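In structure tokens:
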């Protein structure tokens, strides 16, 4: 902090109340990002307080990182400067919920499971089966841009966030969109906030479209030898009339703990590639979907299908939860893991999968049916030697994913040490100049999560 | 203001004499779109390729002349009208489907491709382009991108932005840029999501990559007939409450039904208060079960009759009735004015009563056609533009309807756009800070304001100004 600490603390105490500001070393250490602690933590209770704090921070050139449950602060580059953690968890109210309109308006600090509980009373839900969903907040989920297996049918936040309110880097309260499911008034600035890691504004309210909960669901697992048949099965489903809730392909290389697979009801042995398909509806639909999935799986090269099973109901629920949460499980199992998100066209997935085979570190891959791949590298330890190999392999994955037309990689999670040498975002895209200009509109003094986003934004 | 002869000369040199229109009699066609707005451009140009668009933008920029993109002019808020004159860039000749990638369910098109032409082109592959504005047989995908167009089936399938992956754009500086990617989730801010719906104020679009949607295996279209409007609106609420999301859920009121029936002969009963046109789709089993559920709900809410279209021909006829509602209204009065308010769907009964009172207050006939499933209203106000008082009353009634929608927690436009029709209403929805930020966001792309000036953002602060509207068109084309 480039101003005297005491002055900052007393001003923050005025703005948020003395009991909601702290510089206690033990406490601020829990807000670390890549080993960097903030000088203080402040917990605002309202949009007005957020605005005042940001105004003050802008005047004093204090860098702010908004935080929720702090489950995904590892995403992105370390902040260039980190003075204040803006803990949003006191702003945890449901502002409005109109089940008949299928709309929900929440403050950012509300945990997703709390939303799920309220919506379930009306047999509705938000299709955000995201990592850390047992703790993650709505704001953090949106700001980090994580996706969910359910995107297969419901899309991503981009498709069901109807509007937002946010505080800009100048402390100005602004909004875009609205609370109705169809709206084209004004520029959709809230689309920019999704996945921006808090670099453009502090989200103070999110309006969602909610969805009716399916009446019943089932899950089947088809296991194949080799990635080609698994991807062919995925293509077969895409060509069919079936509308599954999720299609996830899982596999792992030698040295990956088989337990990680068993919890997803799949085997990681001997080049086994499993496709976990969930589908919902009434009994006749479920029966037919199961039958046709089995037919499609058998229709692949006969020798490549290893097994086709339907999971028991309670097991299916656990498996789907686990798959949605897999990045979290991997990080818990191996804190030094490097987890990539690779985007490619669906038809290029098999080629990507074949390339992954050459990786020299234990790996685990999860490919969403629409063409988004999560690839985890699991080094045996955090030793210098292991990190050196990890770094080499990461560089290889960046270049290998860009071989496919439109292929792109982001290194979502990795040991902090690697970030000194690798930019996790890869090279900035061709429209980066516009992004820079937008950043300077929303945050002219560069105090919001500085440096965490692509190209140092 | 006559066109600078140098500029005209340069444009003709670039595009050939047939690529530029500038005679007053030619320009008259380009004064209008589907709204009641009018303004004359100084010339209209017809580029054939992206490189020509870049040159046009550079010339306009050098001569400091406004530039407005245009598809087929079916817009309903004046988005494609040259409010302050200048050059209209028509994409009529950039109408090629560049690539169909069936396996990845993507297509890349030039902006002038007509919406339904893309669906026709991929029909044999079992695919379609989901956004389906009522004008889909005429409107272009470039226009859909600019306006973030909707349509009846957006209830289940989403609006244009949900189907656009990547754009090639030309900025006012003449810079060519790609936003987004045909692959999902490209890193960086979602500029594609921001650009879609920016109504031509950020850049000209020269190429669009969209998602293609698999055709449903089965479709069931139901026509439910009601003797009371409240019964119809309560039916809509209960369908939602039962967890059914129809592919489409449209409502027409009695007056509109009679107007349509007289014109289209869709088989709508003439003596009812309202009809619902509900479509469910998906797997055969899903469509059948949901159709039955929907029919049960209709019966529960006193539907006089529920008819299920027996085949594609009957279904098309029902949809023809719905999609020609505006055209039918146009036959009954010299002019009509269509609003595009949105309300939370549970507020439908109150809003319809509100519109009824506004109709009575001004003595104006107002028909109601709307996307009931998502609360997007299209009241049609009939008037005679030769009657000055009636014209002013029509505008006032329209504004009052919109104000009512905002009071209900809704929006001023669901799918038609703000354009030059509702810019003055923006302060009802957004604060000065919101609008100022939007202005600065626009300046990132369009710093001099030369692209589509006078759209979306109100010119003056507040909404107290007296709005002088240009004379409206005679019965504009159908929406």
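Chains as they are written, first to last, in the numbering used here: chain F, 2 to 458; chain L, 3 to 481.
Beta carbons are placed, not taken as given, at the ideal position from N, Cα and C, and that holds for glycine.
For clarity, every value in this text was computed on a predicted model and none was experimentally measured.
(message) Strictly below 9 Å CB to CB, what residues from chain L border residue 169/F?
(response) Within the first chain, the letter at position 168 stands for residue 169/F. Those within 9 Å of residue 169/F in chain L are 435, 439.
(message) For residue 242/F and residue 236/F, what's the separation of their Cα atoms in angstroms?
(response) In the first chain, counting from the first residue as 1, residue 242/F sits at position 241. In the first chain, counting from the first residue as 1, residue 236/F sits at position 235. The straight-line gap from Cα to Cα measures roughly 12 Å.
(request) Take the Cβ of residue 420/L as the centre, count every other Cβ of all protein chains shown within 10 Å, and call the residue buried at 16 or more, exposed below. (result) Locating residue 420/L in the second chain gives position 418, counting from the first residue. Counting Cβ neighbours within 10 Å, residue 420/L comes out buried, since at least 16 surround it.
(message) Cβ closer than 9 Å: which chain L residues qualify as neighbours of residue 172/F?
(response) Position 171 of the first chain, counting from 1, holds the residue named residue 172/F. By Cβ distance, chain L contributes nothing, its closest Cβ being about 11 Å from residue 172/F, past 9 Å.
(request) Using three-state DSSP, classify residue 151/F as helix, strand or coil. (result) Numbered from its first residue, the first chain carries residue 151/F at position 150. Of the three classes helix, strand and coil, the one that applies to residue 151/F here is coil, per DSSP.
(message) Residues of chain L with CB closer than 7 Å to the CB of residue 104/F, please, in chain order.
(response) Numbered from its first residue, the first chain carries residue 104/F at position 103. Per Cβ cutoff of 7 Å: 346.
(request) Using a cut-off of 9 Å between C-beta atoms, extract the partners of residue 180/L located in chain F. (result) Position 178 of the second chain holds residue 180/L. Within chain F, the residues near residue 180/L are 430, 431, 432.
(message) Run through chain L and tell me which residues come within less than 7 Å of residue 345/F, C-beta to C-beta.
(response) On the first chain, residue 345/F is found 344 positions in, with the first residue counted as 1. Going along chain L in sequence order, the residues near residue 345/F (Cβ under 7 Å) are 185.
(request) Run down chain L in chain order and give the residues with a C-beta less than 7 Å from the C-beta of residue 193/F. (result) Counted from its first residue, the first chain places residue 193/F at position 192. Near residue 193/F (Cβ distances below 7 Å), the residues of chain L are 191, 192, 196.
(request) Can you tell me the Cβ-Cβ gap for residue 68/F and residue 93/F, rounded? I've got them flagged as a contact below 8 Å. (result) The residue you call residue 68/F lines up with position 67 of the first chain. The residue you call residue 93/F lines up with position 92 of the first chain. The Cβ separation is near 13 Å, so there is no contact.
(request) Using beta-carbon positions only, say whether residue 193/L and residue 435/F come within less than 9 Å of one another. (result) Residue numbering aside, residue 193/L sits at position 191 when the second chain is read from its first letter. Residue numbering aside, residue 435/F sits at position 434 when the first chain is read from its first letter. Yes; because the gap between Cβ atoms is below 9 Å, this pair is in contact.
(request) Taking C-beta pairs closer than 9 Å, name the residues in chain F that residue 149/L reaches, listed in chain order. (result) By one-based count along the second chain, residue 149/L stands at place 147. Within chain F, the residues near residue 149/L are 185.
(message) Using 8 Å for Cβ pairs, my map puts residue 173/L next to residue 447/L. What's the rounded Cβ distance?
(response) Position 171 of the second chain holds residue 173/L. Position 445 of the second chain holds residue 447/L. The pair is a contact, with the Cβ atoms about 6 Å apart (cut-off 8 Å).
(message) By the 9 Å beta-carbon criterion, what residues does the segment 354-376 of chain F contribute toward chain L?
(response) 369, 371, 372, 373
(message) Measuring alpha carbon to alpha carbon, tell me which residue in 356/F, 337/F, 283/F is nearest residue 386/F.
(response) Taking the first residue of the first chain as position 1, residue 386/F is located at position 385. Measuring from the Cα of residue 386/F, the nearest candidate turns out to be 337/F.
(request) With 7 Å as the limit, tell me which residues of the segment 72-86 of chain L have their beta carbon closer than that to any beta carbon of chain F; keep them in chain order. (result) none
(message) Please identify the residue among 9/L, 14/L, 200/L whose C-alpha is closest to the C-alpha of residue 418/L.
(response) Locating residue 418/L in the second chain gives position 416, counting from the first residue. Closest option to residue 418/L, Cα to Cα, is 200/L.
(request) State the DSSP-derived secondary structure class of residue 39/L, mapped to helix, strand or coil. (result) As a working mapping, residue 39/L is identified with position 37 in the second chain. Residue state, collapsed to three classes: coil.
(request) Check each candidate in 244/L, 109/L, 134/L, 114/L and name the one with the smallest Cα separation from residue 123/L. (result) If you number the second chain from 1, residue 123/L lands on position 121. A check of alpha carbon separations from residue 123/L across 244/L, 109/L, 134/L, 114/L identifies 109/L as the nearest.
(message) What would DSSP say about residue 162/F, mapped onto helix, strand or coil?
(response) Translated into the one-based positions of the first chain, residue 162/F becomes position 161. In this structure, residue 162/F counts as strand in the three-state DSSP scheme.
(request) Alpha carbon to alpha carbon, how far is residue 188/L from residue 11/L? Give it in angstroms, no decimals. (result) Residue numbering aside, residue 11/L sits at position 9 when the second chain is read from its first letter. Residue numbering aside, residue 188/L sits at position 186 when the second chain is read from its first letter. Distance between the alpha carbons of residue 11/L and residue 188/L: 42 Å.
(request) Closer than 9 Å by beta-carbon distance: list the chain L residues that pair up with residue 474/F, in chain order. (result) One cannot answer for residue 474/F here, as it falls past the ends of chain F, which runs 2 to 458.
(message) Classify residue 362/L: buried if its beta carbon has 16 or more other beta carbons within 10 angstroms, exposed otherwise.
(response) Locating residue 362/L in the second chain gives position 360, counting from the first residue. Result: exposed.
(message) For a contact defined as C-beta to C-beta under 9 Å, what are the partners of residue 241/L on chain F?
(response) The residue given as residue 241/L occupies position 239 in the second chain. Residues of chain F passing the Cβ test: none, with the nearest at roughly 10 Å.
(request) Take every Cβ of the segment 354-373 of chain L, pair it with every Cβ of the segment 243-262 of chain L, and state whether three or more of those distances are shorter than 8 Å. (result) Note that the segment 354-373 of chain L touches the segment 243-262 of chain L; at least 3 beta-carbon pairs, one per stretch, sit closer than 8 Å.
(message) Checking the sheet assignment: what are the DSSP bridge partners for residue 471/F?
(response) Because chain F here runs from 2 to 458, residue 471/F falls outside it and cannot be looked at.
(request) Using a Cβ cut-off of 9 Å (strictly closer), state whether residue 479/L contacts chain F. (result) Translated into positions along the second chain, residue 479/L becomes position 477. The predicted model places residue 479/L with a pLDDT of 38, which falls under 50 and marks its position as unreliable, so this point remains unresolved.
(message) Cutting at 6 Å between CB atoms, please list the residues of its own chain near residue 152/F, excluding the five before and the five after it.
(response) Numbered from its first residue, the first chain carries residue 152/F at position 151. So no residue of the chain qualifies.
(request) Would you mind sorting residue 220/F into buried or exposed? The rule is 16 or more other CB atoms within 10 Å of its CB. (result) In the first chain, residue 220/F corresponds to position 219, counting from 1. The residue in question, residue 220/F, is buried, as its Cβ has 16 or more Cβ neighbours within 10 Å.
(message) Does the CB of residue 351/F have a neighbour CB from chain L at under 9 Å?
(response) The residue given as residue 351/F occupies position 350 in the first chain. False, the Cβ-Cβ gap to chain L never drops below 9 Å.
(message) Pop quiz: residue 78/F and residue 420/F are said to be a contact at Cβ under 8 Å. What is the actual Cβ separation, rounded to whole angstroms?
(response) Against the first chain, residue 78/F aligns to sequence position 77. Against the first chain, residue 420/F aligns to sequence position 419. The pair is a contact, with the Cβ atoms about 6 Å apart (cut-off 8 Å).
(message) Are the CB atoms of residue 182/F and residue 210/F within a distance shorter than 9 Å?
(response) Start at 1 with the first residue of the first chain, and residue 210/F comes out as number 209. Start at 1 with the first residue of the first chain, and residue 182/F comes out as number 181. Their beta carbons are under 9 Å apart, which means residue 210/F touches residue 182/F by this criterion.
(message) Which same chain residues end up closer than 6 Å to residue 13/F when comparing Cβ atoms and leaving out the 5 residues on each side of it in sequence?
(response) Reading the first chain from its first residue, position 12 is the one you call residue 13/F. These residues qualify, in order along the chain: 22, 43.
(message) Just to confirm the assignment, what range does the beta strand (DSSP E) spanning residue 311/F have?
(response) Within the first chain, residue 311/F is the residue found at index 310, counting from 1. Note, residue 311/F: beta strand (DSSP E), 306-311.
(request) Examine chain F for any beta-carbon lying closer than 9 Å to the beta-carbon of residue 422/L, and answer yes or no. (result) Position 420 of the second chain, counting from 1, holds the residue named residue 422/L. Taking Cβ atoms only, chain F never reaches closer than 9 Å to residue 422/L, which makes this a no.
(message) Let me check one thing: in DSSP terms, what residues is residue 112/F bridge-paired to?
(response) Here residue 112/F corresponds to residue number 111 of the first chain, with the count starting at 1. Answer by DSSP bridge pairing, in chain order: 138/F.
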